[in-house]
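Undergrad: Got a structure here, written out as structure tokens. Questions coming.
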Ligand SMILES: NC(=O)c1ccc[n+]([C@@H]2O[C@H](COP(=O)([O-])OP(=O)(O)OC[C@H]3O[C@@H](n4cnc5c(N)ncnc54)[C@H](O)[C@@H]3O)[C@@H](O)[C@H]2O)c1
């Protein structure tokens, strides 16, 4: 007997919060670069009544993503796809950030866009960081959105990036543009695809940032932000649940900033001082 399948790539706190909200009664595939992270998530979720399987997948590898597609389809139609895998500026090199966060996400959208089930829905976790880049040219936007995936890493304005924060920002901007491009393809299968751009959400990855080389700046930013605090994985989960639910069927190709007002303040409020450092 087959079951509708949910695929979660990146089994950290944000991914788990989303998966819990959309996977009841389905088969939940837990995929992560670190199999032990997927196994840990499986234990928690199986104990909460979910049916799961785990698989090691590197988002930065097309071969791995194809294996994930095959694994997921072996349980039944792929209804929901959640990409919550990624590396942050303090965790990885420029090349690794571009390969995983930018290229890998584009491959994932392309490959799951070929198989997603009628009525299905996908969510990509991007970042507020992508909203801190100034406007790109229309041509750059088009290149990030529509270039063949294997050419993304060779675009001149991408190969010239030397700073990990810039690599992260461009990757996250690319995620949002790529989702816009993919929305038409996913629609042909009766499915929607959207991105969510969170501000600082307390997770192990965010804790690395808060205690990394840019930690002090992050803590000051949070205290001066409109909400005055970081977000929680569950708040992102609630938004993703809405986008993937029957109430979200008219929403596709969109990006949702969820950051307690931080980006608005960065451009036009108390956090404008940050512009000098980004
Ligand atoms: N936490 C935040 O403040 C925050 C803010 C904005 C955006 N994000 C984004 O949210 C996503 C999830 O982050 P999180 O905060 O839940 O972190 P997390 O560390 O809790 O989870 C990330 C997971 O991704 C996995 N992963 C890393 N590289 C991978 C790869 N190459 N292939 C497959 N899996 C890989 C890790 O093993 C980990 O389990 C990331 O894309 C991150 O950029 C996080």
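Residue numbers (the numbering used here): 72 to 349. Beta carbons are placed, not taken as given, at the ideal position from N, Cα and C, and that holds for glycine. Quick caveat: nothing in here was measured; it's all calculated off a predicted structure.
#1: What residue does the beta strand (DSSP E) around residue 182 start on, and which one ends it?
#2: Tell me the rounded alpha-carbon separation between residue 140 and residue 168.
#3: Taking 6 Å as the limit between beta carbons, can you name the residues of its chain near residue 157, skipping five residues before and five after?
#4: Here's the rule I'm using: 16 or more other beta-carbon atoms within 10 Å means buried, otherwise exposed. How should residue 328 be labelled?
#5: What does DSSP give as the partner residues of residue 195 in its beta bridges?
#6: Ignore the nearest five residues each way along the sequence and tell me which others in residue 36's own chain have a CB closer than 7 Å to its CB.
#7: Counting only the same chain and skipping the five closest in sequence on each side, list residues whose C-beta sits under 6 Å from that of residue 260.
#8: Please list, in chain order, all residues of the same chain as residue 119 whose beta carbon is under 8 Å from its beta carbon, the five residues on each side excluded.
#9: Can you tell me which of the three DSSP states residue 141 falls into?
#10: Given a cut-off of 8 Å on the beta-carbon distance, is the pair residue 296 and residue 331 in contact?
#11: Would you kindly work out how many angstroms separate the C-alpha atoms of residue 225 and residue 178, rounded to a whole number?
#12: Can we count residue 108 as close to ligand 1, meaning its CB is less than 7 Å from some heavy atom?
#13: Can you find a heavy atom of ligand 1 that lies under 7 Å from the Cβ of residue 333?
#14: Label residue 284 either buried or exposed according to how many other C-beta atoms from any shown protein chain fall within 10 Å of its C-beta, with 16 as the threshold for buried.
#15: Fully enclosed by the stretch 277-337, which alpha helix (DSSP H) runs are 4 residues long or longer?
#16: Which residues does DSSP pair with residue 78 in a beta bridge?
#17: With a threshold of 16 other CB atoms inside 10 Å of the CB of residue 384, please say whether the residue is buried or exposed.
#18: By Cβ distance, which residues of its chain are closer than 8 Å to residue 310, with the 5 residues on each side in sequence left out?
#19: Would you say the beta carbon of residue 155 is closer than 7 Å to some non-hydrogen atom of ligand 1?
#20: Just to confirm, does residue 172 get its C-beta within under 7 Å of one of the non-hydrogen atoms of ligand 1?
#21: Would you call the stretch 210-227 and the stretch 143-158 in contact, with 3 or more CB pairs under 8 Å?
#22: I'd like the list of long-range same chain contacts for residue 275, defined as Cβ closer than 8 Å, with 5 residues on each side in sequence excluded.
#23: If contacts are defined as beta-carbon pairs under 8 Å, then residue 131 and residue 170 qualify, I think. What distance do you get, rounded to the angstrom?
#24: Could you tell me if the beta carbon of residue 103 falls within a distance shorter than 7 Å of some heavy atom in ligand 1?
#25: Looking only at its chain, what residues have a beta carbon closer than 8 Å to the beta carbon of residue 288, apart from the 5 residues adjacent to it on each side?
#26: With H, G and I counted as helix, E and B as strand and the rest as coil, what does DSSP make of residue 126?
#27: Answer with buried or exposed for residue 20, where buried requires no fewer than 16 other C-beta atoms within 10 angstroms of its C-beta.
#28: Measuring straight from C-alpha to C-alpha, what distance separates residue 263 and residue 240?
TA: The relevant details are as follows:
#1: No beta strand (DSSP E) holds residue 182; the alpha helix (DSSP H) holding it covers 176-183.
#2: 23 Å
#3: 172
#4: buried
#5: 154, 266
#6: Examination of residue 36 is not possible in this model, given that the chain is present from 72 through 349 alone.
#7: 187
#8: 91
#9: helix
#10: yes
#11: 15 Å
#12: yes
#13: no
#14: exposed
#15: 286-295, 304-315
#16: 100, 152
#17: Here the chain comprises residues numbered 72 to 349, so residue 384 is not present and cannot be evaluated.
#18: 267, 327, 329
#19: yes
#20: yes
#21: no
#22: 83, 84
#23: 4 Å
#24: yes
#25: 345, 348
#26: strand
#27: Because the chain spans 72 through 349 in this model, residue 20 falls outside it and cannot be assessed.
#28: 24 Å
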